[in-house]
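Participant:
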Amino acid sequence: MDKQFCVYILASKRNGTLYIGVTAQLATRVWQHKSKVVEGFSARYGVDKLVYYEAHGCAETAIVREKQLKKWRRAWKMTNCVPFGHGPRPDSTQHCQTGEDLPGRLHVTHRFVAHPALHVGEVWSPMPCASAPNPLFAHRMRIAVIGGGSWGTALAKLLAELEHEVTLWFHNPQVERITAEQRENSVYLAGFQLPEELRTTTAMSEAVAGAAVVLAVCPSHAMREVMAAAVPFLGPDTLLVSASKGVEERTLKRMSEVLVELAGWQRAGQVASLSGPSFAREVAAGMPTAVTVAAADMAVAERLQQIFLGPTFRVYASTDLIGVEIGGTVKNVIAIAAGVSDGLGFGSSTRAALITRGVAEIARLVQKLGGDPRTVSGLSGVGDLVLTCTGDLSRNRTVGLRLGRGERLADILAAMKMVAEGVKNSSTVCELARRAGVEMPIAEQVRQLLHDNKPARQVVGDLMGRQARPEFWS
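In our numbering, the protein residues as written are 1006 to 1479.
1) Would DSSP call Leu1244 helix, strand or coil?
2) What do you reckon, are the CB atoms on Val1218 and Ile1148 nearer than 8 Å?
3) Does the pairing of the segment 1350 to 1358 with the segment 1326 to 1334 give three or more beta-carbon distances under 8 Å?
4) Could you tell me the alpha carbon to alpha carbon distance between Ile1417 and Gln1271, rounded to whole angstroms?
5) For Arg1379, report the span of its alpha helix (DSSP H) as first-last.
6) Helix or strand or just coil, what does DSSP make of Leu970?
7) Do you know offhand how far Gln1310's Cα is from Gly1215's?
8) Specify the secondary structure class of Phe1238 as computed by DSSP and reduced to three states.
9) Tell me, to the nearest whole angstrom, how far the beta carbon of Ala1295 is from that of Leu1384; I am working on the premise that it is less than 8 Å.
10) What whole-angstrom Cβ distance do Leu1326 and Ala1299 have, given they're in contact under 8 Å?
11) With DSSP run on the structure shown, which of helix, strand or coil describes Arg1259?
12) On the CB-based measure, 16 or more other CB atoms within 10 Å of its CB, does Lys1422 come out buried or exposed?
13) Rounded to a whole number of angstroms, what is the C-alpha to C-alpha distance between Val1364 and Pro1282?
14) Taking its Cβ as the centre, do 16 or more other Cβ atoms sit within 10 Å of Glu1186, making it buried, or is it exposed?
15) Could you check whether Val1329 and Thr1297 sit closer than 8 Å to each other, using their CB atoms as the reference points?
16) Just list the residues that DSSP pairs Thr1205 with in beta bridges.
17) Output yes or no for whether 8 Å exceeds the beta carbon distance between Val1443 and Gln1453.
18) Who pairs with Gly1315 in a beta bridge, going by DSSP?
19) Could you tell me which of Phe1477, Arg1145 and Arg1229 sits nearest to Ala948, measuring between CA atoms?
20) From what residue to what residue does the beta strand (DSSP E) around Ala1420 run?
21) Distance, Cα to Cα, Gly1240 vs Thr1172?
22) Does DSSP put Thr1393 in a helix, in a strand, or in coil?
23) Spell out the partners DSSP gives Thr1324 in its beta bridges.
24) Look up Cys1086 in the DSSP assignment and say whether it is helix, strand or coil.
25) I need the straight-line Cα distance from Gln1372 to Pro1378, nearest angstrom please.
26) Considering only C-alpha positions, which residue in the set Ala1234, Asn1190 and Asp1389 is nearest to Glu1211?
27) Are the beta-carbon atoms belonging to Leu1408 and Ala1340 less than 8 Å from one another?
28) Under the rule that 16 or more other beta-carbon atoms within 10 Å means buried, what is Asn1337, buried or exposed?
29) Quick check on DSSP: helix, strand or coil for Arg1286?
30) Check the DSSP bridge columns for Leu1279 and list the partner residues they point to.
31) Tell me the rounded alpha-carbon separation between Val1387 and Leu1359.
32) Helix, strand or coil for Leu1220? Go by DSSP, reduced to three states.
33) Beta carbon of Gly1344, beta carbon of Arg1402: below 8 Å?
34) Secondary structure at Gln1472, three-state DSSP: helix, strand or coil?
And the structure:
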């Protein structure tokens, strides 16, 4: 193999497949000499198949390049080459010690050790570690996304663009048909073209059977009914991930608890929750976003972290399912209060007070339920709360905003295509707090506003007129 193609090339051979990665500087030359590259690598390493990875310095360039790679794959017409993937440019002054240190979302099946004294211009000649293949660096995976609303569609689009094999399940056959024909969910996520590789269906068996990951993106009130239909098709090792925020009304169970109850307690370690500050339209547009994935088993959380990681989607791992899910649930209720404040014409000071005291309410409930209060300061707590209380795309804030302006709740909900989880969850959150013996005055006032027809200005007056307290109390 010509040495000019070896600068900053990372390669590993396993089971007849060669995995290589090159930096952006070499991408053009590799393209120009594609036949030579494939033939050279195949001859040198004696492989039947080559998987190609390309690194880029910015997400925009990488996304454009990935589209080119798909055309490249077709142009080569070679069964022994599968070009895919992109990520940030490696820092040539650094060296990789293990697979975890590799930049970007390099899909490999070995860990690597690079030369310990790597300098600019030198040949990067890594060697496979003696350890077993690292399962966290996953190949293309089969993923079922259950729920064709805005968030489910955005996540399906994201995962398909990360080269996973994704099937998006729809409850509504008409929406599924429109989405399949137009390659756009014009009902819930208009304006975003979906990858051709993304499949759609209304058949639960078609979506779930054989999937390594099943992502449940149903409204909290429909989670049990919808996922009960999915459970019979789960494989023994399938991971179940809730991307919905809420507490079940009848049982007061978190969404992960509902999934465990449906799938069986033996699967408790395979259930996780994805949560954090993320608007569907922004994720679909490729805007940088950070979220948290939580599972009781850190290895499961880290595996899911690697599956979801992308150039514009950063994922942090956690084992605090309680903290992550309660934060994502209560923030919707607090966001309604923030919207009411804005609708009444109050200023930034009022909103800041609601957000801060909302954090206190979430933290008290999380701690009493057995979660880690530190989680509340993270993405699924403060991060999601700030976004939902201030963002114009927030459905819960919009409900509060219109209530504050004097509109009727029934009229507001009738005009909305999508669910504002905080409306239903205001009652469940307050009941959960009551059973736990936790005082949550903001959540309680929102419940009275929504379900007892309490006037918005009286809600504000009652909150401001509460008995004086220390700022920090348990």
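No residue lacks a Cβ here, since even glycine has one placed at the ideal position from N, Cα and C.
Facilitator: Quick look at the numbers:
1) Three-state result, Leu1244: strand.
2) Yes, the pair counts as a contact, with Cβ atoms nearer than the cut-off.
3) Touching, no.
4) Spanning the two alpha carbons is a distance of roughly 42 Å.
5) Unbroken run through Arg1379: none, as it is neither H nor E.
6) Missing from the structure shown is residue 970; the chain here goes from 1006 to 1479 and no further.
7) Per the coordinates, the alpha-carbon of Gln1310 lies some 20 Å from the alpha-carbon of Gly1215.
8) Residue state for Phe1238 is assigned as helix, using DSSP reduced to three classes.
9) Contact holds; Cβ gap of about 6 Å.
10) Between Ala1299 and Leu1326 the Cβ distance is about 5 Å, and since that is below 8 Å, they are a contact.
11) Secondary structure at Arg1259: strand, using DSSP grouped into helix, strand and coil.
12) Using a 10 angstroms sphere on the CB of Lys1422, the tally of other CB atoms stays under 16, which defines it as exposed.
13) Taking the straight line from one Cα to the other gives about 15 Å.
14) Exposed, since its Cβ has fewer than 16 Cβ neighbours within 10 Å.
15) Their beta carbons are under 8 Å apart, which means Thr1297 touches Val1329 by this criterion.
16) In the DSSP output, where bridge partners are listed per residue, Thr1205 has Leu1173.
17) No, the pair does not count as a contact, with Cβ atoms beyond the cut-off.
18) Among the bridge pairs identified by DSSP, Gly1315 is matched with Phe1318.
19) Beyond the ends of the chain as shown, which are 1006 and 1479, falls residue 948; an answer cannot be given.
20) Unbroken run through Ala1420: none, as it is neither H nor E.
21) If I take the Cα positions, the gap works out to 16 Å.
22) The three-state reading of DSSP puts Thr1393 in helix, counting H, G and I together.
23) According to DSSP, which records beta bridges pairwise, Thr1324 is partnered with nothing at all.
24) Confidence at Cys1086 is low in this model, with a pLDDT of 40, below 50, so its placement is unreliable and the value that follows should be read with caution. Strand, per DSSP.
25) Taken atom to atom, the span from the alpha-carbon of Gln1372 to that of Pro1378 is near 6 Å.
26) Closest option to Glu1211, Cα to Cα, is Ala1234.
27) Cβ distance not < 8 Å, so Leu1408 and Ala1340 don't count as in contact.
28) Flag for Asn1337 reads buried.
29) Helix.
30) Paired residue(s): Val1298.
31) The straight-line gap from Cα to Cα measures roughly 12 Å.
32) Correct three-state label for Leu1220: strand.
33) The answer is yes: Cβ separation under 8 Å.
34) Secondary structure of Gln1472 (DSSP, three-state): coil.
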